[in-house]
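Protein chains: 2
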Amino acid sequence: MEQTDIDTPPPPPLLKPGRGRRRAEDVRQAALAATSALLFEEGIRGVTFEKVAGRAGVSKMTLYKWWSTPGRLAFEAYFSALEETLAFPDTGDLRADLTTQLHALVGLFQRSGATIAQIVGAAQSEPELIEALSNQYVRRRRQLAVDRLTAAREAGQLRPGADLDAIVDQLWGACYHRLMLPALPEHPVDTAFADALIANLFGGIAA
Amino acid sequence: MEQTDIDTPPPPPLLKPGRGRRRAEDVRQAALAATSALLFEEGIRGVTFEKVAGRAGVSKMTLYKWWSTPGRLAFEAYFSALEETLAFPDTGDLRADLTTQLHALVGLFQRSGATIAQIVGAAQSEPELIEALSNQYVRRRRQLAVDRLTAAREAGQLRPGADLDAIVDQLWGACYHRLMLPALPEHPVDTAFADALIANLFGGIAA
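From first to last, the protein sequence lines are chains X and P.
My numbering puts the first sequence at residues 1259 to 1465.
My numbering puts the second sequence at residues 1259 to 1465.
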């Protein structure tokens, strides 16, 4: 794509030698990677078109064409960063797989919880961002989880009457609750908490 | 307190006749009531010292002395508004009481969910506000819930091994999750959802 801004820095190593223009997809990925790095280093306020352009070696004009605001760019970078971390295992043992998955989520929150909370928080006042959050993240994560839960129910590992959609809120959602409505240090988001969520839900709390 | 700003409107009906000055507590309550009304009418961005001063009939200087930013004022108004709505019943039947309480929460979210999400969201980027959220709301609500759950466990209504703190995240927290990471209209926060949360947790989900 164009690199016409006068403030564009020298081509970074990402630019393939011998080619005058980078492929659009390369530029996109470079922009997302630079944004993701900024996001986790400096938080959502660290993401400006200026900084991303400098770091990724792309023009601000290009960024602006693809993402109407730095907020949208931050969101997309966030989603692609999360994609890999939260893959859903299927070993055939639901409880073990949920434990693996929630421990991964808790680990992510321990490393990058503040940034994640800022991203989700910032979306609450911007309809466009909450829509992106729903479509690019929430619906996809819920679907992956419910698919796995449905398979487990068919394999006889879940009570037939259990509400699978509500399980998502009672495991993943419970972690987001402690992240965004915190009472620290008494109530951390750690693996012991993840295990307690699973134990409460699998065993039930009634006497 | 002082009403010295030149832009102070005529004294509102709240001002007791025959007294030149309102008691500090009256002024405080008037400011909180005005803020709460603005908050639920216009969202968090509607809360400015200018508007609150005009509506409550107090000076901007007075507001500024008590609350360093409109954000802090909005927060305190939010907490006092929530206080009444979310009283915790104790009829001796835990499951019935949790149902009553969660239905009230869900009702509040249906009426004012957007504002609540904005308030919690805005706190994520401001350490001072997240601290206020923890101290003035989260810790107190958790304590009320855990006290009630502890009494129920002593009355033999809960499994001895159940993690009471995690229950809070799996009921109230699950509702906040759907509010702030929404997938609408498929996954509403309604009384059917509240009932599903309680059924999953009481009965357990294991086959």
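Backbone N, C-alpha and C define an ideal beta-carbon position, used for all residues, glycine too.
Could you name the residues of the same chain whose beta carbon sits closer than 7 angstroms to that of K1318(X), not counting the 5 residues immediately before and after it, in chain order?
Within the same chain, K1318(X) has close Cβ partners D1263, F1307, E1308, A1311.
With DSSP as the reference, label P1443(P) as helix, strand or coil.
In the structure shown, P1443(P) sits in coil (DSSP, three-state: anything other than H, G, I, E or B).
State the Cα-Cα distance for the pair R1468(P) and L1429(P), rounded to the nearest angstrom.
Residue 1468(P) falls outside the range modelled here, since chain P spans only 1259 to 1465, and no answer is possible.
Would you mind telling me which residues of chain P sit closer than 8 angstroms to Y1434(X), beta carbon to beta carbon, in chain order?
By Cβ distance, chain P contributes G1431, Y1434, H1435, M1438, L1439.
Compare the beta carbon distance of G1329(X) and L1437(X) with 7 angstroms and say whether it is the shorter of the two.
Not closer than 7 angstroms, so no.
At which residue ranges does the stretch 1294 to 1347 of chain X contain complete alpha helix (DSSP H) runs of 4 or more residues, listed in the order of the chain?
As far as the stretch 1294 to 1347 of chain X is concerned, its whole alpha helix (DSSP H) runs of at least 4 residues are 1307 to 1314, 1318 to 1324, 1328 to 1343.
Reducing DSSP to helix, strand and coil, say where Q1291(P) ends up.
One detail in the question is off: residue 1291(P) reads as Ala in this sequence, not Gln. Residue state, collapsed to three classes: helix.
If you follow the alpha helix (DSSP H) that D1427(X) is part of, which residue opens it and which one closes it?
From DSSP, the alpha helix (DSSP H) with D1427(X) extends over 1422 to 1438.
On the three-pair Cβ rule with 8 angstroms, is the stretch 1350 to 1361 of chain X touching the stretch 1294 to 1302 of chain X?
No, the stretch 1350 to 1361 of chain X does not touch the stretch 1294 to 1302 of chain X.
Where does S1392(P) land, buried or exposed, given buried means 16+ other C-beta within 10 angstroms?
When all chains shown are included, S1392(P) counts as buried.
Does S1326(P) pass the burial test, meaning 16 or more other C-beta atoms within 10 Å, or should it be called exposed?
Burial call: exposed.
Is it true that the CB of V1396(X) sits closer than 7 angstroms to the CB of L1422(X)?
No; because the gap between Cβ atoms is not below 7 angstroms, this pair is not in contact.
For A1375(X) and A1339(X), I'd like the C-alpha separation in whole angstroms.
When rounded, the distance between both Cα atoms is 15 angstroms.
Under 7 angstroms between the Cβ atoms of G1461(P) and G1462(X)?
It is a contact, given that the beta carbons lie within the stated cut-off.
Enumerate in chain order the residues of its own chain whose CB-to-CB distance from A1335(X) is below 7 angstroms, with the five nearest sequence positions on each side excluded.
Cβ neighbours of A1335(X) beyond the five flanking positions: L1290, T1293, S1294, L1297.
In chain order, which continuous runs of the beta strand (DSSP E) of length 3 or greater are located wholly inside the stretch 1369 to 1412 of chain P?
Entirely contained in the stretch 1369 to 1412 of chain P, not one beta strand (DSSP E) run reaches 3 residues.
For a contact meaning CB atoms closer than 9 angstroms, what does D1351(X) contact in chain P?
Ordered by position in chain P, no residue passes the 9 angstroms Cβ test against D1351(X), which lies about 12 angstroms from the chain.
CA-CA distance, L1331(P) and P1418(X)?
Roughly 48 angstroms separates the two Cα atoms.
What does the alpha-carbon distance come out to for the pair T1449(P) and L1321(X)?
C-alpha separation (whole angstroms): 44 angstroms.
Just the Cα atoms here: how many angstroms apart are R1411(X) and A1420(P)?
Approximately 23 angstroms, taken between the alpha carbons.
Take the Cβ of D1348(P) as the centre, count every other Cβ of all protein chains shown within 10 Å, and call the residue buried at 16 or more, exposed below.
When all chains shown are included, D1348(P) counts as exposed.
By how many angstroms is the C-alpha of V1447(X) removed from the C-alpha of V1316(X)?
Rounded to whole angstroms, V1316(X) to V1447(X) spans 38 angstroms at the Cα level.
Do L1455(X) and A1432(X) have their CB atoms nearer than 7 angstroms?
Yes, they are a contact pair.
On a CA-only basis, which of L1407(P), A1441(P), P1443(P) is nearest A1464(X)? Give me that one, please.
That would be L1407(P), whose Cα lies nearest to the Cα of A1464(X).
Quick check: the Cα distance between R1281(P) and F1337(P), rounded to an integer number of angstroms?
Cα to Cα, R1281(P) sits roughly 22 angstroms from F1337(P).
Whole-angstrom Cβ separation of Y1434(X) and H1435(P), contact assumed at under 8 angstroms?
Right, their Cβ atoms sit about 5 angstroms apart.
If the cut is a Cβ gap below 8 angstroms, which residues of chain X does R1417(P) touch?
The answer, in chain order, is G1461, G1462, I1463, A1464, A1465.
Just verifying my parser: in three-state terms, what is the DSSP assignment at A1464(X)?
Residue state, collapsed to three classes: strand.
Could you name the residues of chain P that H1361(X) contacts, counting a contact when the two beta carbons are closer than 8 angstroms?
Neighbours of H1361(X) on chain P: none; closest Cβ ~15 angstroms, over 8 angstroms.
7 angstroms is my cut-off, CB to CB: does R1400(X) come that close to chain P?
Judged by the 7 angstroms Cβ criterion, R1400(X) is in contact with chain P.
In chain order, what residues of the same chain have a beta carbon less than 7 angstroms from the beta carbon of H1361(P), not counting five sequence neighbours either side?
The answer, listed in chain order, is T1449, A1452.
For L1352(X) and L1363(X), I'd like the C-alpha separation in whole angstroms.
Roughly 16 angstroms separates the two Cα atoms.
Starting from V1396(X), find everything on chain P with Cβ-Cβ shorter than 8 angstroms and list it in chain order.
Near V1396(X) (Cβ distances below 8 angstroms), the residues of chain P are L1439, P1440, A1441.
Leaving out the 5 sequence neighbours to the left and right, which residues in its chain are closer than 8 angstroms to Q1382(X) when beta-carbon positions are compared?
Contacts found: I1388.
Are the CB atoms of G1379(P) and G1242(X) within a distance shorter than 7 angstroms?
What the structure shows of chain X is the stretch from 1259 to 1465, and residue 1242(X) is not part of that stretch, so it cannot be assessed.
I believe N1458(X) touches L1459(P) by the beta-carbon criterion, under 8 angstroms. Please report the beta-carbon distance rounded to the nearest angstrom.
Rounded, the Cβ-Cβ distance is 6 angstroms, consistent with contact.
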